[in-house]
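Asker: If you scroll down you'll find the structure; I have some questions about it.
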Amino acid sequence: MKIIDDLQPVTSAEYRETVEEFTEFFAGRYGDEAALYRFGNRDHPPLSDLDLAIVVDESRSSARRIAGMIADARHFVRADRRRRYLFTHDILIFPRRRFARSMYDISLSEKELLHGRDIPFERPSDEEDEKRVLRLRFVSYATNTMRNFTRVRRLGSIGCRDLLKLFNSAAHLISDWLVLGEEADGESREALTAWSDALGRRRKAFGTKGCGDREALLRVFEEDARRLELFYDSCMTRLSETVTGERIDRKLWYLENGTLVNKHLFFLLTGALYARIFREKELCFARRHGAMYALKDTKSRFGEAYVSVVRRQAESLKDACRFYYRFGIMTAGPLMCSYCRPELRGRERLRFLVQRGLYRIQGW
2 MKIIDDLQPV TSAEYRETVE EFTEFFAGRY GDEAALYRFG NRDHPPLSDL
52 DLAIVVDESR SSARRIAGMI ADARHFVRAD RRRRYLFTHD ILIFPRRRFA
102 RSMYDISLSE KELLHGRDIP FERPSDEEDE KRVLRLRFVS YATNTMRNFT
152 RVRRLGSIGC RDLLKLFNSA AHLISDWLVL GEEADGESRE ALTAWSDALG
202 RRRKAFGTKG CGDREALLRV FEEDARRLEL FYDSCMTRLS ETVTGERIDR
252 KLWYLENGTL VNKHLFFLLT GALYARIFRE KELCFARRHG AMYALKDTKS
302 RFGEAYVSVV RRQAESLKDA CRFYYRFGIM TAGPLMCSYC RPELRGRERL
352 RFLVQRGLYR IQGW
């Protein structure tokens, strides 16, 4: 695999000035019609990117005004090459209720209100309910992280910045697992803490000096990728016991981006639960999830407490689906559906029919 040194010199002041520029523009044009937030950190230039979110209130703004906010936010990022480097993706747009309930399925860390009225998060009812939310959220985040590591290992080349960001994702994944208080086979809490710290130092060292020794960077990446794969499987098996009361350590073949990969069965069973609830709620994600996770009915495996969490996520996603059909923008969603089209199109239909067949061949 070839590593491309795509790091550009960036200062913390440049991040700050760019955020201030957009905040001033947005406040001047839209007043208090919408809230503007920043989340994530900018502690590691030039690796860090800017994460901004606009939260719109459809009861206060017309469809035309909201469409204008979307267009202005998109233009601000895409019209300038330097800004595209600082952001790496468009400014996120959330309908108000979706944002208020977002903690049930996504993490908006280090949230800071930049402009407008603050919108309180809807939170779990008690500590145990919060743990259930975090466990299901971990399944999604961990699988996305592993998917990205696997994808990178298949690529012929990758930018140094994207590669170093994977170290950051892995460090966050380990930290999230430690917060859950679960054990992992072959990894003590002390070893996991040391690994997370090492990932942070590695990312900082390479980011400060540029790619430097690319062979060394690639070697370290391969070592972490192999260790992370074992860690992920252990986490899924442990969570299966905690969540369902049943130890699940089997894998099934799964078609991902045209390639057959082994997916942990607990993740797929979780996906099947989402598919069931999304059908009940008639969500725009229902057909896609139904095709991706076409397993036997798994609702009874999880118990009503976990089903309740997924129902709350589904209620949150109702607003996201409605917003998508109205404005063509999909906000973040659970289980590898962040920012994707919720409906099936073209070759995707055939791919998902093949997936159903694969499950049946394997007895599911």
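Adding 1 to a residue's 1-based position in the sequence shown gives its number in the working numbering.
Even for Gly, the Cβ is constructed at its ideal location relative to N, Cα and C.
Tell me whether HIS116 sits in a helix, a strand or coil according to DSSP, three-state version.
Answerer: Here HIS116 sits in strand by DSSP.
Asker: Classify PHE303 as buried or exposed, calling it buried when 16 or more other Cβ atoms lie within 10 Å of its own Cβ.
Answerer: So PHE303 counts as buried.
Asker: Spatial neighbours of ARG152 within its chain, please: CB distance less than 6 Å, with the 5 preceding and 5 following residues excluded, ordered by chain position.
Answerer: Closer than 6 Å at Cβ, skipping near neighbours: no residue.
Asker: May I have the straight-line CA-CA distance separating ARG133 from ARG61, to the nearest angstrom?
Answerer: Taking the straight line joining both Cα atoms gives about 34 Å.
Asker: Which residues mark the beginning and the end of the alpha helix (DSSP H) in which ASP177 is found?
Answerer: 161 to 181 is the extent of the alpha helix (DSSP H) around ASP177.
Asker: At the level of alpha carbons, what is the spacing between VAL56 and SER141?
Answerer: Each residue's Cα considered, the two are about 23 Å apart.
Asker: What residues match up with ASP52 in a beta bridge as DSSP calls it?
Answerer: Paired residue(s): PHE40.
Asker: Evaluate LYS3 with the Cβ neighbour count: other Cβ atoms within 10 Å of its Cβ, from every protein chain shown; 16 or more gives buried, anything less gives exposed.
Answerer: Exposed, since its Cβ has fewer than 16 Cβ neighbours within 10 Å.
Asker: Nearest to HIS265 by alpha carbon, out of ALA287, TYR233 and ALA292?
Answerer: Measuring from the Cα of HIS265, the nearest candidate turns out to be TYR233.
Asker: When you compare the CB of ALA273 with every CB in chain D, is at least one pair closer than 7 Å?
Answerer: The structure shown contains no chain D; it is built from a single protein chain.
Asker: What does DSSP give as the partner residue(s) for TRP196 in the beta ladder?
Answerer: The partner list for TRP196 (beta bridge, DSSP) is empty, contrary to what the question assumes.
Asker: For VAL78, which residues from the same chain have a beta carbon less than 7 Å from its beta carbon, with the 5 sequence-adjacent residues on both sides left out?
Answerer: Result list for VAL78: ARG84, ARG85, PHE88, ASP91 and ILE92, in chain order.
Asker: So PHE95 is in the beta strand (DSSP E); what residue range does that whole segment cover?
Answerer: Run containing PHE95: 93 to 96, per the beta strand (DSSP E) assignment.
Asker: List the endpoints of the continuous beta strand (DSSP E) containing LYS3.
Answerer: First-last of the beta strand (DSSP E) with LYS3: 3 to 5.
Asker: Do PHE268 and THR144 have their CB atoms nearer than 7 Å?
Answerer: It is a contact, given that the beta carbons lie within the stated cut-off.
Asker: If you measure from the CB of THR194, is any heavy atom of the ligand ZN nearer than 6 Å?
Answerer: Within the structure as shown, the ligand ZN is missing, as the structure has no ligands at all.
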